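Colleague: My questions will all concern the structure given below.
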Amino acid sequence: MSEKILKEIKVRVWKQKNSTAKGKFETYTVHNISTDTSFLEMLDILNMQLVEEGKEPIVFDHDCREGICGTCSLFINGRAHGPDDDITTCQLHMRKFKDGETITVEPFRVGAFPVIKDLMVDRTAFEKILQAGGFVSVNTGGIPDGNAIPISYDDAEAAMDAASCIGCGACVATCKNSSAMLFVSAKVSHLARLPQGKIEASRRAKAMVAKMDELGFGNCSNTGACEVECPKGISIANIATLNREYLMAKIKD
Amino acid sequence: MSNFVSSSIGKKFFMSITGFFLMMFLLVHLSINLLLIFDDSGELFNMGAHFMGTNPLIRIVEPILAIGFILHMAYAVYLTWQNMKARPVDYKQVNQKEASTWASRNMFVLGLLITSFLVLHIMNFYWKLKIEKSVGLVMVSGAEMHDAYTLVAGLFKSSLAYDLVYIFGAIVLGIHLTHGFWSAFQTMGWSGNLWRKRIEFVGNVFAIIIAIGFSIIPLYFIIRF
Numbered sequence: 000m001s002e003k004i005l006k007e008i009k010v011r012v013w014k015q016k017n018s019t020a021k022g023k024f025e026t027y028t029v030h031n032i033s034t035d036t037s038f039l040e041m042l043d044i045l046n047m048q049l050v051e052e053g054k055e056p057i058v059f060d061h062d063c064r065e066g067i068c069g070t071c072s073l074f075i076n077g078r079a080h081g082p083d084d085d086i087t088t089c090q091l092h093m094r095k096f097k098d099g100e101t102i103t104v105e106p107f108r109v110g111a112f113p114v115i116k117d118l119m120v121d122r123t124a125f126e127k128i129l130q131a132g133g134f135v136s137v138n139t140g141g142i143p144d145g146n147a148i149p150i151s152y153d154d155a156e157a158a159m160d161a162a163s164c165i166g167c168g169a170c171v172a173t174c175k176n177s178s179a180m181l182f183v184s185a186k187v188s189h190l191a192r193l194p195q196g197k198i199e200a201s202r203r204a205k206a207m208v209a210k211m212d213e214l215g216f217g218n219c220s221n222t223g224a225c226e227v228e229c230p231k232g233i234s235i236a237n238i239a240t241l242n243r244e245y246l247m248a249k250i251k252d
Numbered sequence: 000m001s002n003f004v005s006s007s008i009g010k011k012f013f014m015s016i017t018g019f020f021l022m023m024f025l026l027v028h029l030s031i032n033l034l035l036i037f038d039d040s041g042e043l044f045n046m047g048a049h050f051m052g053t054n055p056l057i058r059i060v061e062p063i064l065a066i067g068f069i070l071h072m073a074y075a076v077y078l079t080w081q082n083m084k085a086r087p088v089d090y091k092q093v094n095q096k097e098a099s100t101w102a103s104r105n106m107f108v109l110g111l112l113i114t115s116f117l118v119l120h121i122m123n124f125y126w127k128l129k130i131e132k133s134v135g136l137v138m139v140s141g142a143e144m145h146d147a148y149t150l151v152a153g154l155f156k157s158s159l160a161y162d163l164v165y166i167f168g169a170i171v172l173g174i175h176l177t178h179g180f181w182s183a184f185q186t187m188g189w190s191g192n193l194w195r196k197r198i199e200f201v202g203n204v205f206a207i208i209i210a211i212g213f214s215i216i217p218l219y220f221i222i223r224f
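Top line first, the protein sequences correspond to chains A and B. For the first sequence, numbering that gives the first Met the number 0 begins at 0 and goes up steadily by one. For the second sequence, numbering that gives the first Met the number 0 begins at 0 and goes up steadily by one.
The structure is reproduced here in C-alpha cells:
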C-alpha cells in the first residue's frame, strides 16, 4: 500500500475535565498526515501541536501500541476501536480515513466505566469482576508433563480463543445495553473448558455474574454487536457457554 | 436458588422460557386460524374455535398463557429500563448498522407495537366472545356453539383498514421473531458456533411462516370478498 499524505484532517474530540464535569466537543485541525500513521500517532502529532500552541493536550489511554494490552479505547466515528475489523485503536491507520474528513472521537460511554478525563475511562470494573472470579486450584511441585493432562484438541482451541480476550472493554462500549457478557463469558468459558479450571467452575460463574450485575452493567440481549467489534474476534458462543454454566450452577444449588 | 430471579441471566431466563411458550402458542393459534380460509361456510373454523373453547386442557393452559404474556412484557420493561440506566451519557455519534441487525436492536419497540396490536385484537374478538358474550349461536353437526366465524370473517370482509392492521401486526411479529427465536435458544445456552447458524435459519423460517400465515387470512378476505 503506497503512502499518501492527508492534507487536512479535522478531529472532533470529546473534552471533559473530570468524571463529574460536563464535557463537550472541541474540533482541531491537523495537516499533512501520512496514511501510514496510526490513529494514536495522529493524536500524538495533534498533542505536540497543542503543546506548542500552549493549549492543554488531549488525554487518552494507550500502552503497548501493538494490539495486545487492551489499554487503548476510543469510540471513533460511532464505532469502538474505529472503522476496521479485529483491531484495537492502536492498530488503526489513517489510510482508513479520507482527506478533509471530520473524525469524531468519543470516550467509551458506559456507566460502569466513568470518564477520568477527556477520552480516558476507568475500567477498574473489569478487574473487580476478575477478582470475584477467584483462584484456580493448581498443584504445587514440579512442572507437570504437558501430556499428563488430557485435554481434547477442540477444548484446548476453544479455551485459547476465549483466553485471547485482552479486556479492552470494546464489547461493553459497543453494546446498546452496556452489557459485559462477552468479557465475562470469555473468562468463564476459558477456564470451564480446561481440567485445571473445572473444580471452581460453578462458583466462578455465579460470582462473576453477580459482580457484573452489582457493578451496573446492562443485560445482554444477544444483538451480537460485541463479537463484531471485539479486536480479538471472541465469539458469542462463549455467552451461550456462560449461560449454560450459570444455569447449571444454579440448578445444582 | 437465592438471587437467581434478580440476576441478569435469571431475568433473561424468564424472557426466554416465556418466549418459547408464546412461540408454541403462535403455532397452535395459526393452525386453528387457517381453518378460516379452507371452509367458506365457517363450520370448520367454528368447530376449531369450539374445541379450543371447551377442551379442558386448553382451559387450563389459557390462564398460564396470560401469565406468560404478562411475565414476558414485565421482564421486557424491567430489563430495558436497567439497560438504559447502564449508559447514563449517550454517544453523540453511533454507527451500529455494521455490527447488529435492526430487529435485535429494536426488540422493545417491536414488542410495544405487538402489545398495542394485542389489545386491539382482544377487543375485536376475545372480548366479544368471552366477556360481552355478544356473539350469536349456531348449530354445527348437532352441537350448539358460538358463531366465531361470522365474527372474524365479518370484520375482515367489512373493513379494509382492519385487514391492513392485522397484516401489519403479523409482519411486526415476524420481525420480532427473527431475533427472538434464536435469542431464546442462546439465553438457555443451547447454542454454539455450529448450532447458531442452524437455529438462526430455523428461526427465520419460523418467523416467515408466522408472518405470512397470519397475513394470508385478511388477504384472503380482501381478495375473495
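Here a beta-carbon is modelled for each residue, glycine too, at the ideal position from N, C-alpha and C. All figures in this text were calculated on a predicted structure; none of them were measured in a lab.
Any idea what DSSP makes of N221 (chain A), helix, strand or coil?
Modeller: The residue labelled residue 221 (chain A) in the question sits at position 222 within the first sequence. Looking at N221 (chain A) - three-state DSSP - the assignment turns out to be coil, as it is neither helix nor strand.
Colleague: Taking 8 Å as the limit between beta carbons, can you name the residues of its chain near I253 (chain A), skipping five residues before and five after?
Modeller: Since the first residue shown for chain A is 0 and the last is 252, residue 253 (chain A) is missing from the structure and cannot be characterised.
Colleague: Take the Cβ of M41 (chain A) as the centre, count every other Cβ of all protein chains shown within 10 Å, and call the residue buried at 16 or more, exposed below.
Modeller: If you number the first sequence from 1, residue 41 (chain A) lands on position 42. Flag for M41 (chain A) reads buried.
Colleague: For the stretch 180-188 of chain A against the stretch 227-244 of chain A, do three or more pairs of beta-carbon atoms, one drawn from each stretch, fall closer than 8 Å, so that the two count as touching?
Modeller: Yes, since at least three Cβ pairs between the stretch 180-188 of chain A and the stretch 227-244 of chain A fall closer than 8 Å, the two stretches touch.
Colleague: Counting only the same chain and skipping the five closest in sequence on each side, list residues whose C-beta sits under 6 Å from that of T17 (chain B).
Modeller: For the purposes of this step, residue 17 (chain B) is identified with residue 18 of the second sequence, where counting begins at 1. The residues are G67, L70 and H71.
Colleague: Looking at chain B, is there any beta carbon in it that lies within less than 8 Å of the beta carbon of Y245 (chain A)?
Modeller: What you label residue 245 (chain A) is simply residue 246 of the first sequence in a count that begins at 1. So yes, Y245 (chain A) belongs to the interface.
Colleague: Between K116 (chain A) and chain B, is the shortest Cβ-Cβ distance under 8 Å, so that the two count as touching?
Modeller: Locating residue 116 (chain A) in the first sequence gives position 117, where the first residue counts as 1. So no, K116 (chain A) is outside the interface.
Colleague: How many whole angstroms separate the CB atoms of S103 (chain B) and N237 (chain A), which I take to be in contact at a CB cut-off of 8 Å?
Modeller: For the purposes of this step, residue 103 (chain B) is identified with residue 104 of the second sequence, where counting begins at 1. For the purposes of this step, residue 237 (chain A) is identified with residue 238 of the first sequence, where counting begins at 1. Actually they are not in contact, since the Cβ atoms of S103 (chain B) and N237 (chain A) sit about 18 Å apart, beyond 8 Å.
Colleague: Name the residue from A:G215, A:A204, A:A79 and A:V227 whose alpha carbon lies nearest to the alpha carbon of L129 (chain A).
Modeller: Numbered from 1 along the first sequence, position 130 holds the residue referred to as residue 129 (chain A). Considering only alpha carbons, the answer is A:A204.
Colleague: Report the three-state DSSP secondary structure of V135 (chain A) (helix, strand or coil).
Modeller: Along the first sequence, read from residue 1 onward, the residue named residue 135 (chain A) stands at position 136. If DSSP states are grouped into helix, strand and coil, V135 (chain A) belongs with coil.
Colleague: Let's see if you can read the secondary structure: which residues bound the beta strand (DSSP E) around I32 (chain A)?
Modeller: If you number the first sequence from 1, residue 32 (chain A) lands on position 33. It spans K23 to S33 - the beta strand (DSSP E) in which I32 (chain A) sits, taken as one unbroken run.
Colleague: Identify the contact partners of A236 (chain A) in chain B, using a Cβ-Cβ distance below 8 Å as the criterion.
Modeller: By one-based count along the first sequence, residue 236 (chain A) stands at place 237. Going along chain B in sequence order, the residues near A236 (chain A) (Cβ under 8 Å) are S190, G191, N192 and R195.
Colleague: Could you check whether R86 (chain B) and G110 (chain A) sit closer than 8 Å to each other, using their CB atoms as the reference points?
Modeller: On the first sequence, residue 110 (chain A) is found 111 positions in, with the first residue counted as 1. On the second sequence, residue 86 (chain B) is found 87 positions in, with the first residue counted as 1. Taking 8 Å as the Cβ cut-off, G110 (chain A) and R86 (chain B) qualify as a contacting pair.
Colleague: Quick one: Cα of F37 (chain B) to Cα of D146 (chain B), how far?
Modeller: Within the second sequence, the letter at position 38 stands for residue 37 (chain B). Within the second sequence, the letter at position 147 stands for residue 146 (chain B). In a straight line, the C-alpha of F37 (chain B) is about 16 Å away from that of D146 (chain B).
Colleague: Quick one: using the 10 Å Cβ neighbour count with 16 as the cut-off for buried, is E244 (chain A) buried or exposed?
Modeller: Here residue 244 (chain A) refers to the residue found at position 245 of the first sequence. Answer is buried; the Cβ neighbour count reaches 16.
Colleague: Tell me whether S190 (chain B) is buried or exposed, calling it buried when 16 or more other Cβ atoms sit within 10 Å of its Cβ.
Modeller: Start at 1 with the first residue of the second sequence, and residue 190 (chain B) comes out as number 191. So S190 (chain B) ends up on the buried side.
Colleague: Quick one: is T298 (chain A) buried, meaning 16 or more other Cβ sit within 10 Å of its Cβ, or exposed?
Modeller: Examination of residue 298 (chain A) is not possible in this model, given that chain A is present from 0 through 252 alone.
Colleague: Under 8 Å, CB to CB, which of the residues in the stretch 187-214 of chain A have a partner in chain B?
Modeller: So the close ones are V208, A209, M211 and D212.
Colleague: Can you have a look at T240 (chain A) and say buried or exposed, based on whether 16 or more other CB atoms are within 10 angstroms of its CB?
Modeller: Position 241 of the first sequence, counting from 1, holds the residue named residue 240 (chain A). Answer is buried; the Cβ neighbour count reaches 16.
Colleague: Can you give me the Cβ contacts of V151 (chain B) inside the same chain, cut-off strictly under 7 Å, excluding the 5 residues immediately before and after it?
Modeller: In the second sequence, the residue the question calls residue 151 (chain B) occupies position 152. Taken in chain order, the residues that qualify are L35 and F124.
Colleague: Alpha carbon to alpha carbon, how far is G66 (chain A) from A169 (chain A)?
Modeller: If you number the first sequence from 1, residue 66 (chain A) lands on position 67. If you number the first sequence from 1, residue 169 (chain A) lands on position 170. Distance between the alpha carbons of G66 (chain A) and A169 (chain A) is about 13 Å.
Colleague: Using the three-state DSSP reduction, which class does E61 (chain B) fall into: helix, strand or coil?
Modeller: One-based indexing of the second sequence puts residue 61 (chain B) at position 62. The answer is helix: DSSP assigns E61 (chain B) an H, G or I state.
Colleague: To the nearest angstrom, how far is the alpha carbon of C174 (chain A) from that of F107 (chain B)?
Modeller: Counting from 1 along the first sequence, the entry for residue 174 (chain A) is found at position 175. Counting from 1 along the second sequence, the entry for residue 107 (chain B) is found at position 108. The alpha-carbon atoms of C174 (chain A) and F107 (chain B) are separated by roughly 15 Å.
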